[in-house]
């Protein structure tokens with residue numbers, strides 16, 4: 001290798017987010033940040049890392065795309081028979097991380113997951 005990985009870095013600017021600065025409804029802030037991310041990151045603004053665990057408790061992470069959100073939660077689509085679909089069926093909890101480098105921001109979300117309606121899923125995959 002011609003360079004040391006430890007030397008590959010940039011300085012992150014900006015302050016720390018304090019809880020007192022956040023609205024009572026976290027979706028209000030997410031909506032603002034997400035709009036900024038779409039402007040600054042372009043079509044990658046809705047990319048997020050989805051982390052799941054398999055039946056042996058081994059973690060797996062991959063990038064998926066956010067396709068919608070509201071106060072009920074975040075929406076993404078996957079084949080129910082994929083590895084991630086099977087893992088979410090067996091252990092219905094996940095973690096999401098959005099990383100927006102141009103904003104020097106990340107958003108982490110953890111919680112239970114559930115399938116959208118069959119109609120919503122069929123409509124998405126038919127598009």
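Numbering (the working numbering), first residue to last: 1 to 127.
Even for Gly, the Cβ is constructed at its ideal location relative to N, Cα and C.
Every value quoted in this text rests on a predicted model; they were computed, and no experiment measured them.
Excluding sequence positions up to five away, which residues of its chain have a Cβ less than 8 Å from the Cβ of residue 70? 27
Would you check if the distance between the CB atom of residue 46 and the CB atom of residue 17 is smaller than 8 Å? no
What first and last residue would you give for the beta strand (DSSP E) that runs through residue 98? 93–100
Going by the CB atoms, is the gap between residue 94 and residue 51 shorter than 8 Å? yes
Are there 16 or more other CB atoms within 10 angstroms of the CB of residue 37, so buried, or fewer, so exposed? buried
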